[in-house]
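Worksheet: one structure, shown below.
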Amino acid sequence: MEHLDAELISLLALGEQLGNESAAIHLASCRECGETLAALRRTVLVATADPAGVELMEPGSHNWHAIHQALGLSPSLAGDPLGQSAARARDARDFGEPSVNPAEAPTSLPLSSSAPPVPLPSGRRQPWARRGLWITGVAAGIVLGAAGAWTAASIFGRAEPPVAVPTPSAVVLAETPLKPLAAHAASGDAVVQRLPNGTRQLVIRLPDENVSGFREVWVGSADLSKMVSLGVLGNDPGVFVIPSGLDLAQYPVVDISNEPYDGDPAHSTESIARGRLTVPG
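At the far end of the sequence shown sits residue 437, using our numbering, and the numbering has no gaps.
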């Protein structure tokens, strides 16, 4: 099976729409391309997220232990330096003292060590490794591009994002109200439209609310045993192309989920709102 071009998947991750019907059908049926697209979309979201709203987690001491073993460092460096400094910072915060005592400030590490360097294993890369390389390269390009855009926005002012609007001549095929679930309060609606060129699109109107992750749009079977992701909901309304091979009679449920930034393409099982499509009569 010939997979989608890396550049095309990268453009989809940045929010571009598929203009090729055969590519849309392949994406709906290919697990590998779908997982690659989901991973790149999460990279875009992380790269463009507001740093002030992202809570950083402190790495555990087992991370330093693994680094220490992999690099063959001296036993004198076995202690986790970040854990020690973090502990001092917590104590200082609790008792109102300076976080670092000048008398206890760590000295510079020696530039050389008596431990011999550890040779890295060499060998031929497997196909999945080569594929991982271009994903990493594309992700790095996305991060750099997002950083440049953020800098430009800081200097010249942030431009309003383009909002996709439904085509006036579109024919409504099905619709449903979106009702909030669990601890969520946002409600809206979903409409399936057919454009003059025969393309179907799903239009989602759901006010934004403060969630821990990002909102993803799904269509699912009646019992929710099968789910297909259509993309990330950023703007309101959000417009998503429905692959021609996707039978909505088999996937009548529209689900908006709260997805964590964990790199897992599967549904998080936390739904924000949901509705079942019906034909207007």
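Ideal placement from N, C-alpha and C gives every residue a C-beta, glycine not left out.
Computed from a prediction, not measured in an experiment: that's the story for all the values here.
Beta-ladder partner(s) of residue i, from DSSP
i, result
"GLY431", "VAL410"
"LEU333", "It is Pro, not Leu, that sits at residue 333 in the sequence shown. Paired residue(s): ASP345."
"VAL327", "ARG350"
"MET383", "GLY376"
"GLY415", "The amino acid at residue 415 is misidentified as Gly; the sequence shows Glu. DSSP output for GLU415 lists PHE370 as bridge partner(s)."
"VAL388", "GLU372"
"GLY394", "ILE360"
Distance between beta carbons of residue j and residue i, contact taken as under 8 Å
i, j, result
"PRO408", "ALA429", "Contact doesn't hold; Cβ gap of about 15 Å is too wide."
"VAL388", "LEU201", "7 Å"
"LEU402", "VAL348", "11 Å between Cβ atoms; not a contact."
"LEU183", "LEU167", "Going by Cβ atoms, the distance from LEU183 to LEU167 rounds to 12 Å, so no, they are not a contact pair."
"ARG361", "ASN414", "That pair is no contact at about 18 Å."
"PRO399", "ILE181", "5 Å"
"ALA195", "GLY419", "6 Å"
Exposed unless 16 or more other CB atoms sit within 10 angstroms - verdict on residue i
i, result
"GLY228", "exposed"
"ASP392", "exposed"
"GLY431", "buried"
"GLN357", "buried"
"GLU163", "exposed"
"ALA330", "buried"
Cα-Cα separation, residue i to residue j
i, j, result
"SER178", "VAL328", "24 Å"
"ASP411", "SER217", "39 Å"
"HIS340", "HIS221", "41 Å"
"TYR417", "ASN353", "36 Å"
"PRO333", "LEU238", "50 Å"
"ALA226", "THR199", "27 Å"
"ASP161", "ARG350", "27 Å"
"LYS382", "SER230", "52 Å"
"ASP364", "LEU233", "48 Å"
"ALA203", "GLY171", "14 Å"
"GLU426", "VAL373", "12 Å"
"GLN173", "ASP236", "47 Å"
"VAL395", "PRO436", "19 Å"
"CYS186", "THR355", "20 Å"
"GLU158", "HIS224", "42 Å"
"HIS423", "VAL384", "9 Å"
"GLY369", "ALA326", "32 Å"
"GLU188", "PRO215", "30 Å"
"VAL375", "ALA338", "19 Å"
"ASN219", "GLU191", "27 Å"
"THR434", "ALA346", "10 Å"
"ASN366", "PRO421", "21 Å"
"LEU380", "MET213", "33 Å"
"VAL359", "LEU386", "11 Å"
"GLY390", "LYS335", "18 Å"
"ALA342", "ARG197", "23 Å"
"GLN406", "GLY344", "23 Å"
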